[in-house]
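Q: Residue numbers (my numbering), protein chains in the order written: chain Y, 1 to 285; chain S, 1 to 277.
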Amino acid sequence: MSDLAQTGLAPTALSGRDRAEPRNLGKAAHAFALTSGLTPWLLPVLILAAWQLGSQFGLIAANVLPAPSDVVAAGWRLTLNGQLPENIAVSFKRAASGFLLGGSLAFALGLFNGLSKLSERLTDTTIQMVRNIPNLALIPLVILWFGIEEEAKLFLTSLGVFFPIYINTFHGVRTVDSQLVEMGRSYEMSNWELFRRVILPGALPSIFVGVRYALGIMWLTLIVAETIAANSGIGYMAMNAREFMLVDVVVLAIVIYAALGKLADSIVRLLERLCLSWHPAFQKR
Amino acid sequence: MTTAILTQTERSFDALFEDRSAKARASRGQAVTIRHLGKRFGELEVLRGIDLDIPAGQFLAIVGRSGCGKSTLLRILAGLDQPSSGSLSFSHGATDAAVKPRIMFQEPRLLPWQRVLANVEVGLGAERSLPEAEERAFQTLRAVGLEAKAKDWPSVLSGGQRQRVALARALVSRPRVLALDEPLGALDALTRIEMQGLLERVWQAQGFTAILVTHDVAEALTLADRVVMIDEGRISLDIAVDLPRPRRRGSVEIARLEERILKDLIREETPPPEYTI
């Protein structure tokens, strides 16, 4: 930079108009940044508006798809009688406990197998075999084992969450830059320090991918498990409403699943931004 | 406060590296003795019987064609590889602190998830946990002229700046032997010249034994007291570069030495014709 300035090229090359241009660009970028926070919500709002209008003018039959206003009304009704908060709390507790149990086991095993060849040789083949069984295929067996108790849901969700986190943790640890590991060793890092300062931060981007993937599977498993084998929770609420032809409650349950899924994903994204602020992809420009 | 420190920095850059006593400085470097050193990777014999005495505080450059084994020798010196045969020993100087030899790699190898200052602290080795660790790291960062970048992520630095952070990390523990594995190889020509100047000043101020592996003969001659050429795992040339410092690029003496070394390098590269007319 300073070399350029010394040659005198830089100041003469910029005419008055050229210099004004970046300022206009900056203004446009600023205006875009203001609206961009709302841009992702543009499509959902449009779809919702079309849906409401379609229902009001009778284009969509009420027993096929109730109007959004009816769904909101159903939500309000169920909130007032306490059913909705209770079922959300039950489902949330199941999701969280399954995620924590399966996730922490998978994280630990992923680290072990990533760090130790022996551990990998002992367990990886078995894990890969079990991984290829769809966890929902175990539902009949799970009902035989646990009935429709909480253990059934816990087992299915933690099993579903396990594999994406295991694979991505393992992959993250294995693909840490070996040059950095060598550097750490040459500066006398202990094994623990090497893990804490080099291997874990290096594997973190990959682990986050696993977590986001696992969250999706967590909801999927829970919805199926709750609609088949449960006596509480949002999935049960939807199945129960189906019996009484309460289409608005069924749609409400689906909307709540979507909202909870989005919420979980947003939390992980926030964590990602906090933990990976060093990563050029997560830095604000 | 800050401005006072800055002006002081500008006035005496080298003072930042200096030990208070001249005696301590003279005894900083360690002599290195290498006897019949050999290294093989399976069938491949990379080094075949290297004998080399490096006096304390010398700036030695090792040149050679790619694959001649010069980097392997340096890695053994830095303790990253073990020799297959022969021995390597370091003299015990007057100072008691047994600091391991440090190595500076061709790539900066900074931890992208640690700020620049924390990256320099890594270089303190076992002394990282001492309370003055941060202060020492900051002083060293200032000595390479990057104190303003202490709180930045490595990803925002330029290639030359990253390599300067790597130099600070290698120097912060005040090593007595510094191994340099083509550390300037990936830099552009201008940054390279600046870094050569920085290396020379730091070496003069700290008095460590420097061993530089490079494929650039001119760079070797600009910096080193002595240039050693390795060919097919053996030392094939060993010449002293007895020129005053700082050396002028393109001076007649340097050009003459460069020609001599290059002639040796190129002679080996082009086999003699098998027949003549």
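Cβ coordinates follow ideal geometry from the N, Cα and C atoms, glycine included. As the structure is a prediction and not an experimental result, all values here were calculated from the model.
Can you list, in chain order, the stretches of the beta strand (DSSP E) that have 3 or more residues and sit fully within the segment 223-269 of chain S?
A: Whole beta strand (DSSP E) segments, 3+ residues: 226-231, 234-240.
Q: Using the rule of at least 16 other Cβ atoms within 10 Å of the residue's Cβ for burial, across every protein chain shown, is Y/N87 buried or exposed?
A: Position 87 of the first sequence, counted from the first residue, corresponds to residue 87 of chain Y. Burial call: buried.
Q: Excluding the 5 residues preceding and the 5 following S/V217 in the sequence, name in chain order all residues of the same chain whose CB lies nearer than 7 Å to its CB.
A: For the purposes of this step, residue 217 of chain S is identified with residue 217 of the second sequence, where counting begins at 1. Excluding sequence neighbours, S/V217 sits near V63, E258, I261, L262.
Q: Starting from S/L198, trace the alpha helix (DSSP H) in both directions and tell me its first and last residue.
A: In the second sequence, residue 198 of chain S corresponds to position 198, counting from 1. Note, S/L198: alpha helix (DSSP H), 189-206.
Q: Using Cβ-Cβ distances below 7 Å, what residues of the segment 196-229 of chain Y are close to chain S?
A: R197, V198, P201
Q: Counting only beta-carbon atoms, is Y/M183 nearer than 8 Å to chain S?
A: Looking up residue 183 of chain Y in the first sequence gives position 183. Yes, Y/M183 lies at the interface with chain S (some Cβ there is under 8 Å from its Cβ).
Q: Looking at the strands, I want to know which residues DSSP matches up with S/S89.
A: In the second sequence, residue 89 of chain S corresponds to position 89, counting from 1. S/T33.
Q: Report, in whole angstroms, the separation of the C-beta atoms of Y/S91 and Y/I234, which I expect to be a contact under 8 Å.
A: Along the first sequence, one-based indexing puts residue 91 of chain Y at 91. Along the first sequence, one-based indexing puts residue 234 of chain Y at 234. Right, their Cβ atoms sit about 5 Å apart.
Q: In the DSSP assignment, find the alpha helix (DSSP H) that holds S/T72 and state where it starts and stops.
A: Here residue 72 of chain S is taken as the residue at index 72 of the second sequence, counted from 1. Counting along the chain, the alpha helix (DSSP H) containing S/T72 begins and ends at 70-77.
Q: Answer with buried or exposed for S/E43, where buried requires no fewer than 16 other C-beta atoms within 10 angstroms of its C-beta.
A: Walking along the second sequence from the start, residue 43 of chain S turns up at place 43. Exposed is the call here.
Q: Within 10 Å of its beta-carbon, does Y/G202 have 16 or more other beta-carbons around it, so buried, or fewer, so exposed?
A: Position 202 of the first sequence, counted from the start, is the residue given in the question as residue 202 of chain Y. The residue in question, Y/G202, is buried, as its Cβ has 16 or more Cβ neighbours within 10 Å.
Q: Nearest by alpha-carbon distance to S/V177: which of S/G79, S/C68, S/E45, S/I50 is it?
A: As a working mapping, residue 177 of chain S is identified with position 177 in the second sequence. Among S/G79, S/C68, S/E45, S/I50, the Cα nearest to that of S/V177 is on S/G79.
Q: Residues in the segment 167-186 of chain S with C-beta within 7 Å of chain Y's C-beta atoms, listed in sequence order?
A: none
Q: Check whether chain S comes within 8 Å of Y/E188, counting only Cβ atoms and requiring the distance to be less than that.
A: For the purposes of this step, residue 188 of chain Y is taken as the residue at position 188 of the first sequence. So yes, Y/E188 belongs to the interface.
Q: Grouping DSSP H, G and I as helix and E and B as strand, with all else coil, what is Y/E151?
A: On the first sequence, position 151 is the one that residue 151 of chain Y refers to. It is helical.
Q: Would you decide whether Y/S66 is buried or exposed? Buried here means 16 or more other CB atoms lie within 10 Å of its CB.
A: Along the first sequence, read from residue 1 onward, the residue named residue 66 of chain Y stands at position 66. Residue identity check: residue 66 of chain Y is Pro in the sequence provided, not Ser. Its Cβ being crowded by 16 or more others within 10 Å, Y/P66 is buried.
Q: CA-CA distance, S/L237 and S/T72?
A: One-based indexing of the second sequence puts residue 237 of chain S at position 237. One-based indexing of the second sequence puts residue 72 of chain S at position 72. Distance from the CA of S/L237 to the CA of S/T72, rounded to the nearest whole angstrom, comes to 18 Å.
Q: In whole angstroms, what separates the C-alpha of Y/T157 from that of Y/G103?
A: Residue 157 of chain Y sits at position 157 when you count from the first residue of the first sequence. Residue 103 of chain Y sits at position 103 when you count from the first residue of the first sequence. Between Y/T157 and Y/G103, the C-alpha separation is close to 10 Å.
Q: Mind checking if S/A24 is an interface residue toward chain Y, Cβ cutoff 8 Å exclusive?
A: As a first step, residue 24 of chain S must be located in the second sequence, where it is residue number 24. For S/A24, the predicted structure reports a pLDDT of 48, less than 50, and the residue's modelled location is therefore unreliable. A value from the coordinates is still provided. S/A24 does not count as touching chain Y.
Q: Find the nearest neighbour of S/D51 within the set S/Q204, S/R169, S/R234, S/V252, judged by alpha-carbon distance.
A: Locating residue 51 of chain S in the second sequence gives position 51, where the first residue counts as 1. The candidate whose alpha carbon is nearest that of S/D51 is S/R234.
Q: Write down the C-beta distance between S/D225 and S/V241 rounded to the nearest angstrom, noting that I regard them as a contact closer than 8 Å.
A: Here the question's residue 225 of chain S lines up with position 225 in the second sequence. Here the question's residue 241 of chain S lines up with position 241 in the second sequence. The pair is a contact, with the Cβ atoms about 6 Å apart (cut-off 8 Å).
Q: Pairing CB atoms from the segment 180-194 of chain Y with CB atoms from the segment 146-166 of chain Y, are three or more of them under 8 Å?
A: no
Q: Just verifying my parser: in three-state terms, what is the DSSP assignment at S/R102?
A: Sequence index remark: in the second sequence, residue 102 of chain S carries index 102 (1-based). Strand.
Q: Please name the residues in the segment 157-183 of chain Y whose beta-carbon is closer than 9 Å to at least one beta-carbon of chain S, in chain order.
A: D177, Q179, L180, E182, M183
Q: Would you tell me roughly how many angstroms separate the C-alpha atoms of S/L180 and S/A210, rounded to the nearest one?
A: Counting from one through the second sequence, the residue named residue 180 of chain S turns up at place 180. Counting from one through the second sequence, the residue named residue 210 of chain S turns up at place 210. About 7 Å.
Q: When you compare the CB of S/A148 with every CB in chain Y, is at least one pair closer than 8 Å?
A: Here residue 148 of chain S is taken as the residue at index 148 of the second sequence, counted from 1. For S/A148, the answer is no, since every Cβ of chain Y falls outside 8 Å of its Cβ.
Q: Kindly list the residues whose CB is nearer than 6 Å to the CB of S/I239, restricted to its own chain and excluding five residues on each side of it in sequence; keep chain order.
A: The count along the second sequence starts at 1 and reaches residue 239 of chain S at position 239. Closer than 6 Å at the Cβ level, and outside the excluded window around S/I239, lie V227.
Q: Assuming S/I230 and S/G69 make a contact with CB atoms under 8 Å, what is their CB distance in whole Å?
A: Mapped onto the second sequence, residue 230 of chain S falls at position 230. Mapped onto the second sequence, residue 69 of chain S falls at position 69. So it is a contact: roughly 6 Å between Cβ atoms.
Q: When the Cα atoms are used, what is the spatial distance from Y/L59 to Y/P68?
A: In the first sequence, the residue the question calls residue 59 of chain Y occupies position 59. In the first sequence, the residue the question calls residue 68 of chain Y occupies position 68. Near 14 Å, if we compare the C-alpha coordinates of Y/P68 and Y/L59.
Q: Just list the residues that DSSP pairs S/K39 with in beta bridges.
A: Position 39 of the second sequence, counted from the start, is the residue given in the question as residue 39 of chain S. S/K39 pairs with S/L47.
Q: With a CB to CB cut of under 8 Å and the five nearest residues on each side skipped, what residues in its chain are close to S/L117?
A: In the second sequence, the residue the question calls residue 117 of chain S occupies position 117. If we look at S/L117 and ignore the five residues flanking it on each side, its Cβ neighbours are E134, A137, F138, L141, A150, K151.
Q: Taking 8 Å as the threshold (C-beta atoms), are Y/L260 and Y/V173 in contact?
A: Start at 1 with the first residue of the first sequence, and residue 173 of chain Y comes out as number 173. Start at 1 with the first residue of the first sequence, and residue 260 of chain Y comes out as number 260. A distance of 8 Å or more separates the beta carbons of Y/V173 and Y/L260.
Q: Y/P280 versus chain S: which residues are under 7 Å apart at the beta carbon?
A: Taking the first residue of the first sequence as 1, we reach residue 280 of chain Y at position 280. Per Cβ cutoff of 7 Å: S155.
Q: Just tell me which of Y/I199, Y/I256, Y/L42, Y/Y187 has its CA closest to the CA of Y/W219.
A: For the purposes of this step, residue 219 of chain Y is taken as residue 219 along the first sequence, with counting starting at 1. For the residues Y/I199, Y/I256, Y/L42, Y/Y187, the minimum Cα distance to Y/W219 belongs to Y/I256.
Q: Beta carbon of S/P287, beta carbon of S/V165: below 8 Å?
A: Any property of residue 287 of chain S remains undetermined from this structure, which presents chain S solely from 1 to 277.
Q: I'd like the ranges of any beta strand (DSSP E) spanning at least 3 consecutive residues and lying wholly in the segment 119-178 of chain S.
A: none
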